[in-house]
Structures are given as C-alpha cells and as structure tokens.
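Structure first, then comments.
Numbering (mature numbering (1 follows the signal peptide of the UniProt record, and there is no 0)), first residue to last: -23 to -1, 1 to 648.
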C-alpha cells in the first residue's frame, strides 16, 4: 500500500471514528434526560404550599420535573458562611422519591456583594460562584438540572427601581465563570442558561457572545397571555422556529437544546386574565405543538399552585390548582394529555385545507392519535373521518381533560344548517363525525386506513353571548381637528399624571413637560407629541422604548359590536441610531408584533425638546375610515430616564404603564 493511500485510509477511519463518537455523545442525550419534560414551577422555598401534598398532585398530573430555588441570599445569610436550609432537602428528596426531577434555579443577589445588585464585580461574581459550587456539591447525585439565574434581563427578584435590569455583558461574565466550576464538581449536571423574558434581542446578544458554549441547554420564557388574538400558538410557533434558526446561526450551524421554564395563562379577573377554560385549552395546544419541534426539550408550566387568593392579581392566579390544591380545568387537561406528551411520537401535521384548523398526528404505543382543534371563536368545525377498512375498528374520542367515549362509525347527516331535518339521510358505516372546538379533541385507535372526508364550519359565535356590560367613562378627552386646521393643544405634564418609579421625584415642567395635538382625515390620524426633557436619551430600538425616553401609545377603535374589551393597538416610538422607529406591540386586528413601516414617524429635535409626528393609517387601527363625530379611546405615555435608569413616566390616560387595561384610556373625539 502506498504512503498516500495509507494516509487516505487512516484519514477516513479517523473521520468515521469522530462521527461515531459525536453520535454517541449527543449534547442532550448524554445526560439521560427524557426527550421531552413536562414541568411545573413550585415555590416551596418561599414557604408556599404543603410539600408532600403538592408533590403527590404533581405526580398525579403527570408532571415529570419541578422548578424551584434556594437563593444565594438564603444560603449565604452570613458573609462567607454558606448553609443550605433543611427545607431544600425536604423538597428535592420528596421529589426524587416520586420520580420527579428537581430543576434548581441558582439565583438572585446577595446584600453582601455589590450592594445587593447584580453580581458584576470580580468579588461578587466569585461569591456567586462559591454559592453555585455549594449548591451543586450539596445536590450531587440528587439534582441534575441547574439554571444560572431567572430572568436576569427582566429584573425578576430584584429591586428594579434601584438596580434596573441585568445587562448582557455582566451575565456572560457570570456564566463564563460559573459553568466550568459546576461541571468540575458534577460533570453529569445539565446547566441551563438564564430564562430570557424580555424578547429575542437580549437572547441573540448572549448568543453572539458565545452563550451556547457555556451551557448545556438554552432557555426562554415565552408568555403570550393577555393578547386579544384567539390563536396565540401561531405566533408562538413561528417564534420558536425563528429561534431555532437564530441558535444555529451562532452555533456553527448546529441546533442546541432549548427549554421553556415558564409559560402560562393566569386566570385572574382583569383585562389580561383568562377564563379557566381558555387557560386550559391554551395549555393543551401549546404542549401539543411543542412536541412538533424536536429541539424544544420541555415546558415548565407557571405555575403549579396559585400564590394567593387575590382574584385581580395575576401572580396569585397562574396555578394549575388553587391555594388549597383544588384543581382547575387546566390540571385535568394536563393530567389527561401527559402520557401523549411524554411518550407520544409526532408524525405529521395533517393539512385539512383550513388555516384555523390544526390536526396533529402522533403515534402512542400501538395506537394512532389525532389531536385536533380550531382557533376560531366564531365557529366550530365538523370533522368527518372516512375509513377504507372493510370493518372499521372503534375509536376512543374525548375533549382534552374529559373522559373518553367510544367513537361509533355510521354517521348519518340528518341535521341541516337551515334548521330542517333530512329524513332521507342514510347512515354511512364508513364515516365518523365529531365537532371540534378551541379545546383539542383527542381521537385514538387504529387510524391506518382512516382519512379526512370533510371539514365543515358550523357557526357558533361564542363572543355573541350576552355579557355583563362595561360602562367606560373616560377621565379626559381631546378634540381631533380636521387635517390642515389648527388643533387645540392638550397639556398633560402634571404631578398627578406622573408615575414615579425610582427615588427621584418629578421635578416639574423643567424636568419633563408634555403636550400633544390631534388631526385627522378620512384615511389617517396625525398625532403630534411635544416633549421637553432636561435629559434626552435615545433607544437601541423601539421595542425597548420604555427603558429610555421613548413614547408608548394605546389606541382602541370603539365599536358598539365589540365584545372583547382588551383588544387594542399599542405602538412604541423611539429615536434610534437608525432614526425614528415604531414598534407594534399589540394589534386590535390581530397583526403579528414587530416594527411597522405603515406608521410614518418624524422626530424634530433640539437640545431639550423632541417633537414626534406620527401618521397612523385608519386600517392599522382596525377601521375603514375616520368620520366626524367618531371616537377613539387613547392613552399616551412619555418615559423619563435621565441616565440612571427609568425614573418614571408621564401619562395622558391610564392602561399602559402600570397595567394593560384599555378601560383606563381617555377619549379622542373627531371634530
């Protein structure tokens, strides 16, 4: 054999060996974790709930992992003395005894370091690393999942008025330090990155700095509750596919496992709260769709138990169960679908020819399973299946969370849309019919010779039910003048309109002065906002306008037939390095959030003054035209940041800054 040939053979063998080794050491499979984890948040370390009783219900619901914490401030309650409290062992041991994996968040600041702010100095980062080492050493053999902070970018667990929100550079300094030290103590520990909650920009910036090299699993929080859209999973699914491509672009073209450690729909009474039914159906839909995306390795529902009894506070109403462990419908739904989510294999999405109809096919053991639902709140869908088998086998059919019934073949289409009975209709032994709603219907059995025969919309406008009326009396109003005519300025810089966030009080008109005018024609609204500020800051982008000196607008077309009060349009406006930018945060028409070019914006600036002029098309707001005498609900918010963090904001109307509630908007009247 020649030297060249021998070298070629050796090279080929080496390549094959490398590929084989890589196949045997999959970045996720090497940990021996489930391919998909059904998780839930608990708050045992905060003294909430009964540990054994909660764990029993977690197990009953099919929950495979809990997520909790033992914070740095608790463990190092005395400088340089680290002690893990006994309650930590109680809940991680109890979870392990029931086959539940503990995911432990290593989080939050310590008053002995950096004044209780985010660990940024070398001393603070070293102190945090020692805390992490203590926790991993203590849990070795019992805890495998660790997360490096919770919502660093959002400021959760921190005094945001005092410390603001965490930055990318500081977080990367922390995780670069901590990750190798955790792996040195426990190589089998699976390290999860910070749960990014503020959007994809922060996530992308950490990826640019090599985040994928300093964790085993990436993480996001993907809340979409409170939106007017009846199909939130569509935007969520598109985002997850985009995130996959983003990860690959910063990870040498390779996927990286990702988990969602918080997702939920709170059931509080308020503009952004969901009914028990809506929360439950969204749970089912999101878990089912997550199974269609292989790089997503789990969702931890936020949270397992309501944090209290305050009916109008979202944080007291996220749970699958009430504070006394009474199950909500979402508990029953999760318990019902958990086996399918845990053990089912996604096969395909079935094209039914309708954008509002989802049909997912799974394989569960020997059974074929269809999970089907409609996103429409105006109609249900009659799904008719046809079997090509000589003798169709019976099916098990149920709405998620309910008891299965036997699906009997032999559909007879006797009922007509015209309220007549078709007496001539004959049963067809090859047909089975069921009606789909927004709650997924689960159909299981031998479907190898079954296909869709028809999908027929059946009008069922749930929103047309008589509801309790809401009488809205605006606090203030403004007159919109016809385009080209002078409009009366509205001055709203008053101490009663200023929401203070930090320690610095509002300094009067010399600190922040605000006014606006409104004009309109049939096709568009012109909003001119004048801001006088002693310190004017630019924003990196309009999506984060709230963090600097940007403007936030809430606008709502008032329609006598509108049943869903939370529907509104929110626009964020900022001067960025690219010039004026407008970000659509919410849409009354259901449009996907993002930078919007249809809203034209110019910004004239002097030393201490900015004049924002926005031209907003009627169609963007969800109306065909503006007419004399028409009204528009509106709220205007001007942020105030003098260079040391957002210290407050001035508002004309409520419903944007402290909470998202259009019932607090003021009124614009077309002259």
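Each residue gets a CB set at the ideal place from its N, CA and C atoms; glycine is no exception.
Exposure label - residue i; buried when at least 16 CB within 10 Å
i	result
residue -19	With a pLDDT of 43 at residue -19, under the threshold of 50, the predicted position of this residue should be treated as unreliable, and no value is reported.
residue 539	Residue placement at residue 539 is flagged as unreliable, the pLDDT there being 46, under the threshold of 50; the coordinate-derived value follows with that caveat. The residue is exposed, with fewer than 16 neighbouring Cβ atoms inside 10 Å.
residue 605	exposed
residue 23	exposed
residue 472	exposed
residue 461	exposed
residue 156	buried
residue 383	exposed
residue -3	Confidence at residue -3 is low in this model, with a pLDDT of 38, below 50, so the placement of that residue is unreliable and no value is reported for it.
residue 55	exposed
residue 426	exposed
residue 500	exposed
residue 463	exposed
residue 531	buried
residue 224	buried
residue 286	exposed
residue 318	buried
residue 629	buried
residue 380	exposed
residue 124	buried
residue 129	buried
residue 465	exposed
Strand pairing of residue i, partner residues [DSSP]
i	result
residue 411	360
residue 503	496 and 592
residue 348	337 and 419
residue 627	475 and 615
residue 196	236
residue 79	43
residue 652	In this structure the chain extends from -23 to 648, so residue 652 is not present and cannot be described.
residue 571	561
residue 441	Beta-bridge pairing links residue 441 to no other residue.
Minimum C-alpha distance to residue i - residue among the options
i	options	result
residue 682	214, 249 and 81	Residue 682 lies beyond the residue range present for the chain, which begins at -23 and ends at 648; the question has no answer from this structure.
residue 336	343, 348 and 344	348
residue 188	199, 202, 168 and 203	168
residue 93	53, 65 and 58	53
residue 316	261, 293, 289 and 282	261
residue 362	548, 85 and 432	432
residue 615	173, 551 and 74	551
residue 646	603, 626 and 613	603
residue 638	232, 247, 508 and 139	247
residue 283	266, 302 and 352	302
residue 263	202, 430, 223 and 304	202
residue 412	544, 434, 400 and 403	434
residue 546	466, 475, 493 and 632	632
residue 12	458, 272 and 518	272
residue 204	627, 565, 507 and 613	565
residue 37	308, 436 and 467	308
residue 60	72, 34 and 110	110
Residue range of the beta strand (DSSP E) that includes residue i
i	result
residue 633	Looking at the DSSP string, residue 633 is not in any beta strand (DSSP E), and its letter there is neither H nor E.
residue 549	546 to 553
residue 578	577 to 582
residue 436	427 to 436
residue 647	643 to 647
residue 458	454 to 459
residue 560	556 to 563
residue 169	167 to 169
residue 374	372 to 376
Where the alpha helix (DSSP H) containing residue i begins and where it ends
i	result
residue 313	306 to 320
residue 213	209 to 226
residue 152	145 to 162
residue 277	Residue 277 -> not in any alpha helix (DSSP H); beta strand (DSSP E) instead, spanning 273 to 278.
residue 133	It is not in any alpha helix (DSSP H) - residue 133 carries neither H nor E in the DSSP assignment.
residue 288	It is not in any alpha helix (DSSP H) - residue 288 carries neither H nor E in the DSSP assignment.
Inset, instruction - May I ask you to verify whether the region 394 to 402 touches the region 314 to 323, counting CB pairs closer than 8 Å and requiring at least 3? - result: no
Inset, instruction - Give a yes or no on contact between the region 567 to 585 and the region 617 to 626, applying the rule of three or more CB pairs nearer than 8 Å. - result: no
Inset, instruction - Check whether the region 9 to 22 touches the region 44 to 64, taking contact to mean three or more Cβ pairs, one atom from each stretch, closer than 8 Å. - result: yes
Inset, instruction - Take every Cβ of the region 588 to 597, pair it with every Cβ of the region 201 to 215, and state whether three or more of those distances are shorter than 8 Å. - result: no
Inset, instruction - Take every Cβ of the region 516 to 530, pair it with every Cβ of the region 481 to 488, and state whether three or more of those distances are shorter than 8 Å. - result: no
Inset, instruction - Assess, as a yes-or-no matter, whether the region 229 to 245 is touched by the region 273 to 292 under the definition of 3 or more beta carbon pairs within less than 8 Å. - result: yes
Inset, instruction - Determine contact between the region 220 to 230 and the region 575 to 590, defined as no fewer than three beta-carbon pairs at a distance below 8 Å. - result: no
Legend entry - the region 416 to 423 contacting the region 365 to 383, beta-carbon criterion three pairs below 8 Å: yes
Legend entry - Given 8 Å, three or more beta-carbon pairs between the region 400 to 418 and the region 294 to 305: no
Legend entry - Cβ pair count under 8 Å reaching 3, the region 552 to 564 against the region 506 to 521: yes
Inset, instruction - Report yes or no: do three or more beta-carbon pairs, one from the region 70 to 83 and one from the region 103 to 116, lie closer than 8 Å? - result: yes
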